[in-house]
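Novice: Residue numbers are given in the numbering used here: position 154 of the sequence shown equals residue 466, and the series is strictly consecutive.
The C-beta atom is built at its ideal place from N, Cα and C for all residues, glycine as well.
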Amino acid sequence: MTLLLAAALSGCGDAGAGAPADASAGADVDPASPCAASFGDALPAGFARVDGTILAVVPPGHPTCAMPNGSHVVLQVSVAGAAYRMVVNIASTGAIPEVRFAEVPAALPAPAFSEGFHSGVALDYPTTLGLHANQAPFAPRPATQLVSDLTALLPLGAHVSVYGSGSGGASNHLIHRNGAMTDGAIVLGPDTASPRFLVFHFPDQSF
313 MTLLLAAALS
323 GCGDAGAGAP
333 ADASAGADVD
343 PASPCAASFG
353 DALPAGFARV
363 DGTILAVVPP
373 GHPTCAMPNG
383 SHVVLQVSVA
393 GAAYRMVVNI
403 ASTGAIPEVR
413 FAEVPAALPA
423 PAFSEGFHSG
433 VALDYPTTLG
443 LHANQAPFAP
453 RPATQLVSDL
463 TALLPLGAHV
473 SVYGSGSGGA
483 SNHLIHRNGA
493 MTDGAIVLGP
503 DTASPRFLVF
513 HFPDQSF
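Okay, structure coming up:
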């Protein structure tokens, strides 16, 4: 399985994490404009869930945000006043490049949403969410469409939970199907009665 694993991405022209943007901001607001120039370093190593507030959504190759990346979207999340990078694959390097993407309603597994970093959690697409590879609601998304979809789905200033993995520091990666109860996902409305999971898998994965 050849994957475009999460490469570093990130911040922007504004100094520091900045104040959370208004979730009601108009559609004409550039979702990358509040991106941070510096990042926190408190992410735990390994698989974890990050609970915070959406600071910015940085598309691949953004011309002004710091540490741009040509093949990933970076969801910047504010936690305790610092910005962290959630790096999301938008394509596979295999014969079929389109990532399979779905948005599904599901309860947030314990613990409840609480700003910060939660280690010792688990997420598995088949057992937690009842999802299977190459079956509905998963559908292929060309990279440009996936970038557009994610940008539209991630409102600035909203609470979010992100399951991912990293070596500790500023960035989490592997926000897609990994197996071993370490599947990555973005959860919208994690502190509401109706959370929605954004989930991703590559075309050569089966589960």
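Are the beta-carbon atoms of L420 and S390 separated by less than 8 Å?
Specialist: Translated into positions along the sequence shown, residue 420 becomes position 108. Translated into positions along the sequence shown, residue 390 becomes position 78. Taking a C-beta distance under 8 Å as the contact criterion, L420 and S390 do not qualify as a contact pair.
Novice: At what residues does the alpha helix (DSSP H) containing S460 begin and finish?
Specialist: The residue labelled residue 460 in the question sits at position 148 within the sequence shown. Note, S460: alpha helix (DSSP H), 455-465.
Novice: I need the straight-line Cα distance from I498 to P417, nearest angstrom please.
Specialist: Within the sequence shown, the letter at position 186 stands for residue 498. Within the sequence shown, the letter at position 105 stands for residue 417. Distance between the alpha carbons of I498 and P417: 12 Å.
Novice: Does the beta-carbon distance from F512 to N401 come in below 8 Å?
Specialist: In the sequence shown, counting from the first residue as 1, residue 512 sits at position 200. In the sequence shown, counting from the first residue as 1, residue 401 sits at position 89. Contact flag set, yes.
Novice: Mind pulling the beta strand (DSSP E) runs of 3 or more residues that sit fully within the stretch 480-505?
Specialist: 497-500
Novice: Could you say which of A451, I408, P371 lies nearest to V459 if we only look at CA atoms?
Specialist: Working through the sequence shown from its first residue, we reach residue 459 at position 147. Per the Cα distances, P371.
Novice: Is Q457 near the ligand ADP, judged by its Cβ being under 7 Å from some heavy atom?
Specialist: The ligand ADP is not among the ligands present in this structure, which contains no ligands whatsoever.
Novice: Using only CA atoms, which one of H374, L500, L435 lies nearest to G476?
Specialist: Here the question's residue 476 lines up with position 164 in the sequence shown. When only C-alpha atoms are compared, the closest one is L435.
Novice: In this structure, does DSSP put L443 in helix, strand or coil?
Specialist: Within the sequence shown, residue 443 is the residue found at index 131, counting from 1. Looking at L443 - three-state DSSP - the assignment turns out to be coil, as it is neither helix nor strand.
Novice: Can we say the stretch 437-456 touches the stretch 338-352, given the rule of at least three CB pairs closer than 8 Å?
Specialist: no
Novice: Work out the CA separation of G481 and G352 for me, nearest whole Å.
Specialist: Looking up residue 352 in the sequence shown gives position 40. Looking up residue 481 in the sequence shown gives position 169. When rounded, the distance between both Cα atoms is 7 Å.
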